[in-house]
Amino acid sequence: MIRMNGRVGTRIRGRERDRGAVFLEFAGLFPLILVLMAVIWQCIIIGYTFSLAGNAADEGARAAAAADGDPASACAAAALEHIPGAWSADVSCPLEGTVRQARVRLDVPILFPGAFSLPVTITGTAGAAEEG
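In the numbering used here, the protein residues as written are 8 to 139.
This is the structure in structure tokens:
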């Protein structure tokens, strides 16, 4: 007499035999899936930081080239206006010949802006000819 799964004379076949395997496979792969999602999200944050740095530098250079007063303060104000507060930024606006340069340095946040930053700085640079 064969006794399996509480029944006499029957064997476990097909799907019933593999019942716990799917759960074990999922439990083993779940941490890997979470790590992979975190890495993908971090890549998105890095790309967004590149976009922010470039756009802020463009806006700063444009504002400095057209400024009537102090071009450095107009450049910094315009650049910082286009950067969310969670990113830490450093803006410089030197004059190189007749071209007003804008350099924006942003620290890359880890997973969520405003928390911790990677030891990586992304720099966006733009230039605009002085109008005055």
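Note that beta-carbon positions come from the ideal geometry of N, C-alpha and C, so glycine has one too.
The model shown is predicted, which means the values in this text are computed figures rather than measured ones.
Return the Cβ separation of alanine 86 and glutamate 66 in integer angstroms, given the expectation that the two are a contact with Cβ distance under 8 angstroms.
Stepping through the sequence shown from its first residue, residue 86 is reached at position 79. Stepping through the sequence shown from its first residue, residue 66 is reached at position 59. Contact between alanine 86 and glutamate 66 holds, with the beta-carbon distance rounding to 6 angstroms and staying under 8 angstroms.
Shortest alpha-carbon distance to leucine 59 belongs to which of Glu138, Ile129, Glu137, Ala84?
Mapped onto the sequence shown, residue 59 falls at position 52. Closest by alpha carbon: Ile129.
Alpha carbon to alpha carbon, what distance is there between glycine 131 and alanine 63?
Reading the sequence shown from its first residue, position 56 is the one you call residue 63. Reading the sequence shown from its first residue, position 124 is the one you call residue 131. If you take the alpha carbons of alanine 63 and glycine 131, they lie about 8 angstroms apart.
Is the stretch 27-39 touching the stretch 48-59, taking contact as three or more C-beta pairs under 8 angstroms?
no
Answer with buried or exposed for threonine 56, where buried requires no fewer than 16 other C-beta atoms within 10 angstroms of its C-beta.
Reading the sequence shown from its first residue, position 49 is the one you call residue 56. Buried is the call here.
DSSP-derived helix/strand/coil call for proline 126:
Taking the first residue of the sequence shown as position 1, residue 126 is located at position 119. Proline 126 falls in the strand class under three-state DSSP.
For aspartate 65, report the span of its alpha helix (DSSP H) as first-last.
The sequence position of residue 65 within the sequence shown is 58, counting from 1. It spans 28-72 - the alpha helix (DSSP H) in which aspartate 65 sits, taken as one unbroken run.
Nonlocal neighbours in the same chain, by C-beta distance under 7 angstroms from arginine 100, ignoring five residues either side:
One-based indexing of the sequence shown puts residue 100 at position 93. Arginine is not the amino acid found at residue 100; the sequence shown has cysteine there. Answer for cysteine 100: Gly67, Ala71, Pro78, Ala79, Cys82, Ala83, Arg107, Gln108, Ala109, listed in chain order.
How many Å lie between aspartate 114 and methionine 44 at the Cα?
For the purposes of this step, residue 114 is identified with residue 107 of the sequence shown, where counting begins at 1. For the purposes of this step, residue 44 is identified with residue 37 of the sequence shown, where counting begins at 1. Those two C-alpha atoms are separated by around 21 angstroms.
Count the other C-beta atoms from every protein chain shown that fall within 10 angstroms of the C-beta of isoleucine 40, then say buried if there are 16 or more, exposed otherwise.
Translated into the one-based positions of the sequence shown, residue 40 becomes position 33. Under this definition isoleucine 40 is an exposed residue.
Given tryptophan 94 as reference, the closest of Ala122, Val42, Glu138 once Cα atoms are compared
Looking up residue 94 in the sequence shown gives position 87. Of all alpha-carbon atoms in Ala122, Val42, Glu138, the one lying nearest the alpha-carbon of tryptophan 94 is that of Ala122.
Given serine 124, which residues of its chain have a CB within under 8 angstroms of its CB, disregarding the five upstream and five downstream residues?
Against the sequence shown, residue 124 aligns to sequence position 117. Within the same chain, serine 124 has close Cβ partners Ser95, Asp114, Val115, Pro116, Ile117.
8 angstroms Cβ shell around proline 120 - same chain, five flanking residues per side excluded:
Mapped onto the sequence shown, residue 120 falls at position 113. Cβ within range, chain order: Ile52, Pro91, Ala93, Trp94.
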